[in-house]
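Numbering (this note's numbering), first residue to last: 43 to 313. Even glycine gets a Cβ: it sits at the ideal position worked out from N, Cα and C. Worksheet: the structure to be examined is printed underneath.
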Amino acid sequence: MSDPVIMVVKQTGDVRIHTVVASFEDNNIANATHIIETPNQLVLVDAQFLVPYARAFRDYADSLGKPIERLYVSHRHPDHWFGLGTAFADITVHALSETMTFIQDHGEDSISDHWKLGDLAPERVVVPKQVASPGEETIDGVRYVFDRVTDTEIDYHLTIRLPDVGAYFTQDLIYSGTHLYLTKHMGHWIRVLQEMLVSEYELFMPGHGLPADKNEVARNVEYLSAARQAIGDGLTGDAFKSFLLQRYPERKCPGIFDIYMPRLFAGASDY
Ligand SMILES: [Zn+2]
43 MSDPVIMVVK QTGDVRIHTV VASFEDNNIA NATHIIETPN QLVLVDAQFL
93 VPYARAFRDY ADSLGKPIER LYVSHRHPDH WFGLGTAFAD ITVHALSETM
143 TFIQDHGEDS ISDHWKLGDL APERVVVPKQ VASPGEETID GVRYVFDRVT
193 DTEIDYHLTI RLPDVGAYFT QDLIYSGTHL YLTKHMGHWI RVLQEMLVSE
243 YELFMPGHGL PADKNEVARN VEYLSAARQA IGDGLTGDAF KSFLLQRYPE
293 RKCPGIFDIY MPRLFAGASD Y
């Protein structure tokens, strides 16, 4: 497997934001995980999916030479929390209560369901222990704003904003340069993204792909609108997939279609 992309994305005063993005190739979906480095510590966002990328993310965090104060899991899709069991079992993990309950109740099943991954999947489940609630908190002198966003790419999604840094950790509300994981809640999802477009934020840290600007947020709105229209016109299954592949040839990670299409068109589940 190819190496992850590792980069320092932004430095404002004594806050540095880093990202580690897994491979865009083969069946990978370019999982993006982030580090907020402040004078005394690190806060991490998401945990990677496959074992080698979770280890690479942890190794990079450790290389910064500061303690990991906590890690936030954005939502319950396994590509965001599998890596906890690989590389973050010793770290305090925060998540929305709904995410925590899901991993507690279904984490083991989720790992069994991914048996095809073999030793790319973690051997154990680590359940987040701290509840992340909407509101503000100052951590190591930096202001954080937390929100609980419902019914978009997933039922419950945590977003994190750093208003003094201009950074918005959207995770899977934005797919940067890759095909989106679509759900039947595209109308509401578009409205959430439109609010981002009129916000004062400039840097958007996605759950997949490279750090994004407002142009990419707008392209996500356009993609969602086109997909919604196509479904309204009656496209399903392979015809729907071909339509999006032809319309967005520049977007990477088409493997995502096979993950969400059984849910979107065959009623396997809502998200
Ligand atoms: Zn994801």
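On the DSSP bridge assignment, give the partners of K52 in chain order. Note: K52 sits in a beta bridge opposite I59.
Quick one: is V191 buried, meaning 16 or more other Cβ sit within 10 Å of its Cβ, or exposed? In the assembly as shown, V191 is a buried residue. Its beta-carbon has 16 or more other beta-carbons within 10 Å.
From the DSSP output, in three-state form, read off D275 for me. Correct three-state label for D275: coil.
Between which two residues does the alpha helix (DSSP H) containing S152 stretch? Where S152 is concerned, the enclosing alpha helix (DSSP H) stretches over S139 to D155.
Beta-carbon spacing of T75, G125 below 9 Å: Closer than 9 Å, so yes.
Evaluate A163 with the Cβ neighbour count: other Cβ atoms within 10 Å of its Cβ, from every protein chain shown; 16 or more gives buried, anything less gives exposed. With 16 or more other Cβ atoms within 10 Å, it is buried.
What are the uninterrupted segments assigned as alpha helix (DSSP H) that are 4 or more residues long and contained completely in the region 215-272, given in chain order? Qualifying alpha helix (DSSP H) stretches, in chain order: 228-239.
Between H199 and ligand 1, is there a pair consisting of the residue's CB and a ligand heavy atom that are separated by less than 8 Å? The answer is no for H199.
Outcome for R289 when other beta-carbon atoms lying within 10 angstroms are tallied against a minimum of 16: Exposed.
Once you ignore the five residues that flank I153 on each side, which residues in its own chain have a CB closer than 7 Å to its CB? Beyond the five residues adjoining it in sequence on each side, I153 comes within less than 7 Å, by CB distance, of A163, P164 and V167 in the same chain, given in chain order.
For ligand 1, any of its heavy atoms closer than 8 Å to the Cβ of Y223? Within the cutoff, so yes.
Could you check whether the Cβ of I145 sits closer than 8 Å to any heavy atom belonging to ligand 3? Looking at this structure, you won't find ligand 3 anywhere; what it does contain is ligand 1.
Under the three-state DSSP convention, the category Y290 falls into: When secondary structure is reduced to three states using DSSP, Y290 falls in the coil class, being assigned neither helix nor strand.
Cβ of A90 within 9 Å of Cβ of T128? Sequence check: residue 90 is Gln here, not Ala. In contact: Q90 and T128 (Cβ atoms closer than 9 Å).
Cα-Cα separation between S284 and E195, rounded to whole angstroms: Each residue's alpha carbon lies about 21 Å from the other.
Are there 16 or more other CB atoms within 10 angstroms of the CB of G251, so buried, or fewer, so exposed? By the Cβ-count criterion, G251 is buried, with 16 or more other Cβ atoms from all chains shown falling within 10 Å of its own Cβ.
Inspect the CB distances between the region 240-257 and the region 273-283 and report whether three or more fall short of 8 Å. As far as the Cβ criterion goes, the region 240-257 does not touch the region 273-283, which means the pair count is below three.
Could you tell me the alpha carbon to alpha carbon distance between A209 and E258, rounded to whole angstroms? Rounded to whole angstroms, A209 and E258 show a C-alpha spacing of 14 Å.
Could you say which of H117, G107, S65 and E111 lies nearest to K96 if we only look at CA atoms? The question names Lys, but residue 96 is Ala in the sequence shown. Measuring from the Cα of A96, the nearest candidate turns out to be S65.
How is Y186 classed by DSSP in three states: helix, strand or coil? Strand, per DSSP.
Residues with C-beta closer than 6 Å to any heavy atom of ligand 1, in chain order: The set of residues with CB atoms less than 6 Å from any heavy atom of ligand 1 reads, in chain order, H119, D121, H122, D214, G249 and H250.
So, V87 versus S116, is the Cβ gap smaller than 9 Å? The Cβ atoms of V87 and S116 lie closer than 9 Å to each other.
Relative to the alpha-carbon of T180, which residue among C295, Q83 and P94 has its alpha-carbon at the smallest distance? Nearest option by C-alpha distance: Q83.
Please identify the residue among Y223, V51 and I71 whose C-alpha is closest to the C-alpha of A254. A254 has its Cα closest to that of V51, out of Y223, V51 and I71.
Just reading off the alpha helix (DSSP H) that G125 is part of, what are its end residues? Where G125 is concerned, the enclosing alpha helix (DSSP H) stretches over P120 to A129.
Is I298 closer than 9 Å to H221 when the C-beta atoms are compared? The answer is yes: Cβ separation under 9 Å.
Nearest neighbour of Q236, chosen from V263, S44, H148 and R270 [CA to CA]: For the residues V263, S44, H148 and R270, the minimum Cα distance to Q236 belongs to V263.
Reducing DSSP to helix, strand and coil, say where A209 ends up. Strand, per DSSP.
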